[in-house]
Ligand SMILES: [Zn+2]
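Residue numbers (this note's numbering), protein chains in the order written: chain Z, 17 to 322; chain X, 82 to 777.
And the structure:
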């Protein structure tokens, strides 16, 4: 497991363009809902004397005024843009994963990076999208069932006189739901990795294969996932420490510094995810050494039938 | 005097500072209209309190013989789903919900005069507010003979109170009990003229979802019998304790000059006691500053010692100190500002988990706060919810317990005054900019929080309304708490800190142990300022409209050189277009020339308040002009050699009621930093959402 984590981190580090590209794509997507917000806010805050207050510290009453300001809210709802961006992100996740396994899988081979990424993304797009739908549906159903069962079993704790028991019950329920959803989503990872490696076509069967692998190697699979979750938590803590000590970004320099830190955090998050896929590939190779290698040659294209 | 000149209003602070301070001493005792002696026993199995009550009522009127008495039987609000309280609340209060099949009620099992006359046959439920026949929260009895003015009648009452599972103030949860509004309590007999009444009569409202209480001052002696392992806290001081052979203990509490009595019992309470010391907890400098502010001698503002008891949930042990400090902050600041707390005890109750509906409530000398285990430790230990609620409920000792306005009819008089006072006390104790929350770099203070719910659209209700008339009922919070607090802050903006402090002090002193109404407050403002403030209160307290001043437009441009033929003292000159253009270009380059500045300041809200408008020209100090704020706009035009940098309406933000401060000022050179700073953070949040989905 440790070897897989190491291998994953090495693989991601050897392909810095990969996380950079993914980060850039999602940053671009995030700009879709945020740019109209910036222009609406700037129209109200830019000429406002009151807005100068927030260069010193965040002021909730200024924020409330902004939210209620007709000029600011007339610029359209950022929510619609956000929902659209999230939908695009959800669909593109299948493409990004395909590109990622392709680049990681053929890291040593010659050829331009972008071509490899896009050919991988395109080749697996349809299959990975269907896989994701299967996984999302099963994750949702299973997490719902498990959390209902755990909440039911823990309901005496919820009425306990010992107050922390109430939090414990809520935390355990959430943890059980999260672990269940995590299991089904990790199975999705392995299913996709195996599809890329074996070239399978039946996605239901492929997903069951991923699920079977996950269950057979439960400790290692969760070990890898937890190792990356811990690294992500460390990243979040580092950010919180920075944020807690720089409550307001008042000058252009401070705004730039804050933005750089924030983008570094988002990049770090993308990097860890890429490394995690690398680690998962390594684990799959280690545990299924005899599996059929991926077919060489041109890709069948994204619209191939299941 | 509605057409008072804006300049005069704005000059008021100076005028007021010159006025001599009134010197009303604090009244020592109340009128003591009622005397209650209650003996109550709690049965933990049935969750019932059985009690007997010896009640003496003195007819406070000078002219009326009174032949009936009216009582509150509040627990009947929880009797079924058809009561006025349940219909209005839908069985939900402040996030807590009524438990299924856990009803509460109170039965008067016997009611007689001291002479033995049985009044039970005459007992009838009445519904003075809404005629709802299913509501039994008010009852009346007819006396065998009328009580003459100044004479008294004594009744012997037996009652059984079934407590509900607590969701709104009163009831039980596990072995936690909070008994509020639990005994037959007399309404207030108001002789003609009192609180502006035309005809004499009882003021005894039904129990509503959004309404609190009103009762007369008197003395209470209450004997509470509970299982001996229970810790008991109550209104007043514990004067004795008797253990019985059957495993129960009777706790006796007494208090004079209060208008209600509540108690709590729970075997699990952690008892934390500390004395508020008038000597150690207030510095000489604080006494001196207060005396100066109020125009009193240091002796007149001297406080007295108070025994604080915090009944804490054991899981909240790390928060004991915070409760004590908050209680002390309340005793100190309210005491200094409005007059010393006259009682010897203060009990702060921390309700059991699951009983949050009992929290955040005021009773004389006895308040309930409420906190969570989560707030025990960093980083949540500076989210000052428990301080806020403790100081607020303590504050009701001044605005509700000591100054006993009618909470049913004019909730703002206690909630509004108290919300304003709470914010001041929080800021004084925990600091501007951070008094309410300090959490991982995010900070908020109580004055900022007051403005959050105000908006230009908050213009359909009025502050001065019966508590159950705010529509929708969720508006009770804004119109009884925050808007009045903003109205008082705005009044302070006009009067200045010192005059406002003296006004509030005098209002408190004059109405301590009495029942004022809004008119009394308004009249005192007129009296102390020597001016008619009806233009203000009519719009802000009696009216509905919003306050919003803004800058409609602002420009400052170089005046172009004139072209054409000009007759001057030196004869006729002709300026050619080319020469003028050259001169204009030169002026553009150097910035030297005459600027024409046009500013339109607007009143977008319905409320008309006098305001100041500040102008900042380049290289010049800020200049201010007064505007009476009555027309929908005012245009200011300047032609001068300096360019305008910014203009600001109400530059000191004295009008806290203004629903939007972002549009008050206009900079001619926009600054993108505020929007960039906030957008950068939002971008970060959205990126996380998108990557969470996109990296699946
Ligand atoms: Zn209150």
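Where a beta carbon is used, it is the ideal one built from N, C-alpha and C, also for glycine.
query                                                                                                                                                                                        : result
Can you round the beta-carbon distance between residue 429(X) and residue 401(X) to whole angstroms, since I take them to be within the 8 Å contact cut?                                     : So it is not a contact: roughly 10 Å between Cβ atoms.
How about the segment 96 to 113 of chain Z and the segment 142 to 152 of chain Z: do they share at least three Cβ pairs that are nearer than 8 Å?                                            : yes
Would you call the CB atoms of residue 313(X) and residue 346(X) closer than 8 Å?                                                                                                            : yes
Measuring only from the beta carbon, is residue 499(X) closer than 7 Å to any heavy atom that is part of ligand 1?                                                                           : yes
Quick check on residue 93(X): does DSSP put it in helix, strand or coil?                                                                                                                     : For residue 93(X), the predicted model reports a pLDDT of 47, less than 50, meaning its position is unreliable; a value from the coordinates is still stated below. Reduced to three states, the DSSP call for residue 93(X) is helix.
Can you tell me which of the three DSSP states residue 525(X) falls into?                                                                                                                    : strand
Determine the chain Z residues that contact residue 310(X) at a beta-carbon separation under 9 Å, and present them in chain order.                                                           : Neighbours of residue 310(X) on chain Z: none; closest Cβ ~14 Å, over 9 Å.
Over the uninterrupted beta strand (DSSP E) stretch that includes residue 346(X), give me the two end residues.                                                                              : 344 to 347
Looking only at its own chain, which residues have a Cβ that is under 8 Å from the Cβ of residue 254(Z), when we skip the five neighbours before and after it?                               : 281
Taking the alpha helix (DSSP H) that residue 663(X) falls in, what are its first and last residues?                                                                                          : 658 to 671
Thinking just about the alpha-carbon of each residue, which of 538(X), 468(X), 540(X), 481(X) is nearest to the one in residue 518(X)?                                                       : 468(X)
Whole angstroms are fine: how far does the CA of residue 696(X) sit from the CA of residue 506(X)?                                                                                           : 34 Å
Of the residues 115(X), 245(X), 463(X), which one's Cα is nearest the Cα of residue 232(X)?                                                                                                  : 115(X)
Confirm the yes/no value for this check: CB of residue 490(X), any heavy atom of ligand 1, distance under 7 Å.                                                                               : no
From the beta carbon of residue 741(X), is the nearest beta carbon of chain Z less than 8 Å away?                                                                                            : yes
Suppose you measure from the CA of residue 102(X) to the CA of residue 376(X); what does that come to, to the nearest Å?                                                                     : Confidence at residue 102(X) is low in this model, with a pLDDT of 44, below 50, so its placement is unreliable and the value that follows should be read with caution. Cα to Cα, the separation comes out at about 6 Å.
Are the CB atoms of residue 727(X) and residue 748(X) nearer to each other than 8 Å?                                                                                                         : yes
To the nearest angstrom, report how far apart residue 273(Z) and residue 58(Z) are at their CA atoms.                                                                                        : 20 Å
Examine ligand 1 and report whether any of its heavy atoms sits within less than 7 Å of the Cβ of residue 296(Z).                                                                            : no
Find the residues of chain Z that neighbour residue 753(X), judging by a C-beta separation of less than 7 Å, and give them in chain order.                                                   : 58, 62
Might you give, ordered along the chain, the residues of its own chain that have their beta carbon closer than 6 Å to the beta carbon of residue 280(X), omitting 5 neighbours on each side? : 273
Listing by chain order, which chain Z residues have their CB less than 7 Å from the CB of residue 178(X)?                                                                                    : Correct list: empty, because the minimum Cβ distance to chain Z is about 15 Å.
So, under 8 Å CB-CB, residue 438(X) and residue 450(X) are touching, yes? Tell me the CB distance rounded to an integer number of Å.                                                         : That pair is no contact at about 13 Å.
Per DSSP, which residues does residue 636(X) bridge with? Please list them.                                                                                                                  : 679(X)
What does residue 253(X) pair with, by DSSP beta-bridge criteria?                                                                                                                            : 246(X), 258(X)
Taking only beta-carbon positions, decide if residue 65(Z) is within less than 8 Å of chain X.                                                                                               : yes
Taking only the alpha-carbon atoms, compute the straight-line gap between residue 125(X) and residue 256(X) and give it to the nearest angstrom.                                             : 8 Å
Counting only beta-carbon atoms, is residue 183(Z) nearer than 8 Å to chain X?                                                                                                               : yes
Is any heavy atom of ligand 1 found at a distance shorter than 7 Å from the C-beta of residue 340(X)?                                                                                        : no
Which residues of the segment 151 to 166 of chain Z have a Cβ closer than 7 Å to any Cβ of chain X? Give them in chain order.                                                                : none
Output the boundary residues of the beta strand (DSSP E) element that contains residue 325(X).                                                                                               : Taken as a continuous stretch (DSSP letters only), residue 325(X) belongs to no beta strand (DSSP E), as it is neither H nor E.
Just to confirm, does residue 473(X) get its C-beta within under 7 Å of one of the non-hydrogen atoms of ligand 1?                                                                           : yes
To the nearest whole angstrom, what separates the beta carbons of residue 206(X) and residue 220(X), a pair I think is in contact under 8 Å?                                                 : 5 Å
Would you identify the three-state DSSP class for residue 226(X), choosing helix, strand or coil?                                                                                            : strand
Do three or more CB pairs link the segment 61 to 78 of chain Z to the segment 732 to 744 of chain X at distances below 8 Å?                                                                  : yes
Bridge partners of residue 357(X), per DSSP?                                                                                                                                                 : 387(X)
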